[in-house]
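Report on the structure given below.
Number of protein chains: 2
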Amino acid sequence: MPRDGLLTRNQIVAAADELFYSQGLHAVSVDAIAEKAGVTKKTFYYHFKSKDDLIGCYLDARDRPTVDRFKEWAGSEGSVADRMTRFFSKLGRSSQGPRWNGCGFLRAAAELADKRGHPALTAARTHKARCEQWLFEMVNEEDHSDAETIARALMVLIDGAVSQILIHRDAKYATSAGLAARSLLSRGRR
Amino acid sequence: MPRDGLLTRNQIVAAADELFYSQGLHAVSVDAIAEKAGVTKKTFYYHFKSKDDLIGCYLDARDRPTVDRFKEWAGSEGSVADRMTRFFSKLGRSSQGPRWNGCGFLRAAAELADKRGHPALTAARTHKARCEQWLFEMVNEEDHSDAETIARALMVLIDGAVSQILIHRDAKYATSAGLAARSLLSRGRR
DNA sequence: ACGTAAATTCACCGGTCAGTGTAGTTTCAC
DNA sequence: GTGAAACTACACTGACCGGTGAATTTACGT
Chain A
1 MPRDGLLTRN
11 QIVAAADELF
21 YSQGLHAVSV
31 DAIAEKAGVT
41 KKTFYYHFKS
51 KDDLIGCYLD
61 ARDRPTVDRF
71 KEWAGSEGSV
81 ADRMTRFFSK
91 LGRSSQGPRW
101 NGCGFLRAAA
111 ELADKRGHPA
121 LTAARTHKAR
131 CEQWLFEMVN
141 EEDHSDAETI
151 ARALMVLIDG
161 AVSQILIHRD
171 AKYATSAGLA
181 ARSLLSRGRR
Chain B
1001 MPRDGLLTRN
1011 QIVAAADELF
1021 YSQGLHAVSV
1031 DAIAEKAGVT
1041 KKTFYYHFKS
1051 KDDLIGCYLD
1061 ARDRPTVDRF
1071 KEWAGSEGSV
1081 ADRMTRFFSK
1091 LGRSSQGPRW
1101 NGCGFLRAAA
1111 ELADKRGHPA
1121 LTAARTHKAR
1131 CEQWLFEMVN
1141 EEDHSDAETI
1151 ARALMVLIDG
1161 AVSQILIHRD
1171 AKYATSAGLA
1181 ARSLLSRGRR
């Protein structure tokens, strides 16, 4: 009984998101995803040409919501230092939720580090570039010398904080990252 | 023909190190490791009780060499800011080698993020704590207020830089991390 | 009412996975 | 020279892997 094609496809991606994000890429089978989506494996392969294809789509689907959440965390009031302080504070809180497992893009890149042309690596790179672009625009509006370098350093702080929190399961690394961000932003003002 | 038991065990760990670090944990089979080590699978299971056991040993074996390399990169001359600048410069250079694939501990933690009691997570946590301890001692010798927070922030910068370089395959993130480290270290001097 | 394309199902494939069983071999310390 | 530790060889298990073939059901334009 054919349903709406796009709806089914989205259900599959939603199921993949839950499973991939919580358990990792290699640890989740196509069978498990198909079952969670309430679909046969053949239907899965009707919508996606391979598991790797799905992995790429899973990350693509995560891109916008993630960037939007980041923007929401930072807010739009105050200096960049204020906004980043808020951001890291919200990150710290969010990371204590029971389902938080770090950054899905970072974890995908970690699993597929040697698969140089993999669609997931492209998706992860694109997503990180979009985050960095957002930071760059924010920093560039204020008077900073070398906004590019500062935006890159802020990206380093974000992914570093996420990684440390994931390993230690301790939100205090978000606080330290916030401190580093404030130091960074208070120095190079033009 | 029995060799020295420890020698064989080390060969297996060495084979695991090469394969796990380059391809990831789930992507490498016990058969592949046994073959690379020049050992039958039965011998493998004589030395390790399971694949998960080996994964823990693989990370344990990486701990000291990694910390030693970090210390060597930083050197012992100059201020902490100088040493961290040197460190990030060396990290940037090293990351451009053809076999570099980020931090094995971080990548292991990324793959096993949901396996809460896994020996590999314990090993990764212990290793990161040792790195942080080294940074803390270094920072604490200089006159800084809140050396603990600064050491944590430096850890955030290191793992953040490694993550960003892994994703973009671009060493400039090490430079940005170095800049952030200098900002951080120039502010809180007592 | 009919044809057709999209969407879906069930059964199945060859291969690989972690791990075991059985049976025998080699070295070395005592 | 005996016994234990350290191995080899290799077949095997049962579960699961990604992916497929052939048939089927529905919606829709005509």
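In order, the protein sequences belong to chains A and B. Quick note: the first sequence uses this note's numbering, first residue 1, plus one each step. Quick note: the second sequence uses this note's numbering, first residue 1001, plus one each step. The beta carbon of each residue, even a glycine, is placed where N, CA and C say it ideally should be. The structure displayed is predicted, hence computed values, not measured ones.
Whole-angstrom distance between F1088 (chain B) and T1175 (chain B), CA atom to CA atom:
If you number the second sequence from 1, residue 1175 (chain B) lands on position 175. If you number the second sequence from 1, residue 1088 (chain B) lands on position 88. For T1175 (chain B) and F1088 (chain B), the distance between alpha carbons rounds to 7 Å.
With a threshold of 16 other CB atoms inside 10 Å of the CB of K1128 (chain B), please say whether the residue is buried or exposed.
Here the question's residue 1128 (chain B) lines up with position 128 in the second sequence. Label assigned to K1128 (chain B): buried.
To be precise: take each residue of the region 1144 to 1164 of chain B, compare its Cβ to all Cβ atoms of chain A, and keep it if any distance is under 9 Å. Which residues remain?
D1146, E1148, T1149, I1150, A1151, R1152, A1153, L1154, M1155, V1156, L1157, I1158, D1159, G1160, A1161, V1162, S1163, Q1164
Quick one, which residues of the region 110 to 138 of chain A are near chain B if we go by CB-CB under 7 Å, in chain order?
A110, E111, A113, D114, A124, R125, K128
Go ahead and label L184 (chain A) buried or exposed: buried means 16 or more other beta carbons lie within 10 angstroms of its beta carbon, across all protein chains shown.
Your numbering for residue 184 (chain A) matches position 184 in the first sequence. L184 (chain A) is buried by the Cβ-count criterion.
Using alpha carbons as the reference points, say which of A:A123, A:P98, A:V28 lies closest to D63 (chain A).
By one-based count along the first sequence, residue 63 (chain A) stands at place 63. Comparing Cα positions, the closest option is A:A123.
When you compare the CB positions of S1022 (chain B) and R1069 (chain B), do they come within less than 9 Å of one another, or not?
Taking the first residue of the second sequence as position 1, residue 1022 (chain B) is located at position 22. Taking the first residue of the second sequence as position 1, residue 1069 (chain B) is located at position 69. Cβ distance not < 9 Å, so S1022 (chain B) and R1069 (chain B) don't count as in contact.
Does the distance from the CB of R1086 (chain B) to the CB of G1075 (chain B) come in under 9 Å?
Locating residue 1086 (chain B) in the second sequence gives position 86, where the first residue counts as 1. Locating residue 1075 (chain B) in the second sequence gives position 75, where the first residue counts as 1. In contact: R1086 (chain B) and G1075 (chain B) (Cβ atoms closer than 9 Å).
Can you name, in chain order, every residue of its own chain whose Cβ lies under 7 Å from the Cβ of F1136 (chain B), other than the five neighbours on each side?
Taking the second sequence and counting its residues from 1, the one referred to as residue 1136 (chain B) is at position 136. So the list reads A1147, E1148, A1151, once near-sequence residues are dropped.
Between L970 (chain B) and G1102 (chain B), which are expected to be in contact by the criterion C-beta below 8 Å, what is the C-beta distance as a whole number of angstroms?
Because chain B here runs from 1001 to 1190, residue 970 (chain B) falls outside it and cannot be looked at.
What ranges does the alpha helix (DSSP H) occupy inside the region 1056 to 1124 of chain B, keeping only unbroken runs of at least 4 residues that lie completely in it?
1080 to 1094, 1104 to 1111
What residues in its chain sit with their C-beta under 7 Å from that of V1080 (chain B), if we drop five residues either side in the sequence?
The residue given as residue 1080 (chain B) occupies position 80 in the second sequence. The residues are M1138, V1139, E1142, L1185.
Rounded straight-line distance, which links the Cα of E1077 (chain B) to that of S29 (chain A):
By one-based count along the first sequence, residue 29 (chain A) stands at place 29. By one-based count along the second sequence, residue 1077 (chain B) stands at place 77. Cα-Cα distance, rounded: 52 Å.
Give a yes or no on contact between the region 1033 to 1045 of chain B and the region 1009 to 1018 of chain B, applying the rule of three or more CB pairs nearer than 8 Å.
yes
Against chain B: residues of the region 166 to 177 of chain A by CB proximity under 8 Å
L166, I167, H168, K172, Y173, T175, S176, A177
A27 (chain A) versus L1157 (chain B) - alpha carbon distance
Against the first sequence, residue 27 (chain A) aligns to sequence position 27. Against the second sequence, residue 1157 (chain B) aligns to sequence position 157. Going from the Cα of A27 (chain A) to the Cα of L1157 (chain B) covers about 29 Å.
Would a check of beta-carbon distances place F70 (chain A) closer than 9 Å to chain B?
Indexing the first sequence from 1 puts residue 70 (chain A) at position 70. Answer no: the Cβ-Cβ gap between F70 (chain A) and chain B never drops below 9 Å.
What residues from chain A crowd round S1183 (chain B), counting only those whose CB sits closer than 7 Å?
By one-based count along the second sequence, residue 1183 (chain B) stands at place 183. Going along chain A in sequence order, the residues near S1183 (chain B) (Cβ under 7 Å) are S183, L184, R187.
Does the Cβ of S1145 (chain B) have 16 or more other Cβ atoms within 10 Å, making it buried, or fewer, making it exposed?
Indexing the second sequence from 1 puts residue 1145 (chain B) at position 145. With fewer than 16 other Cβ atoms within 10 Å, it is exposed.
Rounded to whole angstroms, what's the CA-CA distance from R125 (chain A) to H1168 (chain B)? Just pull it up for me.
The residue you call residue 125 (chain A) lines up with position 125 of the first sequence. The residue you call residue 1168 (chain B) lines up with position 168 of the second sequence. About 6 Å.
Using 9 Å as the limit for Cβ to Cβ distance, is S50 (chain A) near chain B?
Translated into the one-based positions of the first sequence, residue 50 (chain A) becomes position 50. For S50 (chain A), the answer is no, since every Cβ of chain B falls outside 9 Å of its Cβ.
Within 10 angstroms of its Cβ, does S95 (chain A) collect 16 or more other Cβ (buried), or is it exposed?
By one-based count along the first sequence, residue 95 (chain A) stands at place 95. Counting Cβ neighbours within 10 Å, S95 (chain A) comes out buried, since at least 16 surround it.
Near G24 (chain A), what residues of its chain come up, given a Cβ to Cβ distance below 7 Å and the 5 sequence neighbours on each side ignored?
Taking the first residue of the first sequence as position 1, residue 24 (chain A) is located at position 24. Same-chain partners within the cutoff: R107, E111.
Please list, in chain order, all residues of the same chain as L54 (chain A) whose beta carbon is under 6 Å from its beta carbon, the five residues on each side excluded.
Reading the first sequence from its first residue, position 54 is the one you call residue 54 (chain A). Taken in chain order, the residues that qualify are A16, F48.
With 16 other CB atoms within 10 Å as the buried threshold, where does G117 (chain A) fall?
To locate residue 117 (chain A), count along the first sequence from 1; it is residue 117. With fewer than 16 Cβ atoms within 10 Å of its Cβ, G117 (chain A) is classed as exposed.
Classify A171 (chain A) as helix, strand or coil using the three-state DSSP reduction.
Here residue 171 (chain A) refers to the residue found at position 171 of the first sequence. Coil, per DSSP.
Which one of A:C131, A:A120, A:L154, A:G160 has the shortest CA to CA distance from L60 (chain A)?
Translated into positions along the first sequence, residue 60 (chain A) becomes position 60. The sequence shown places Asp at residue 60 (chain A), not Leu. It is A:A120 whose Cα lies nearest to the Cα of D60 (chain A).
Ends of the alpha helix (DSSP H) at A1037 (chain B)?
As a first step, residue 1037 (chain B) must be located in the second sequence, where it is residue number 37. From DSSP, the alpha helix (DSSP H) with A1037 (chain B) extends over 1030 to 1037.
Use the C-beta contact count for S1163 (chain B): other C-beta atoms within 10 angstroms, 16 or more gives buried, fewer gives exposed.
Taking the second sequence and counting its residues from 1, one reaches residue 1163 (chain B) at position 163. With 16 or more Cβ atoms within 10 Å of its Cβ, S1163 (chain B) is classed as buried.
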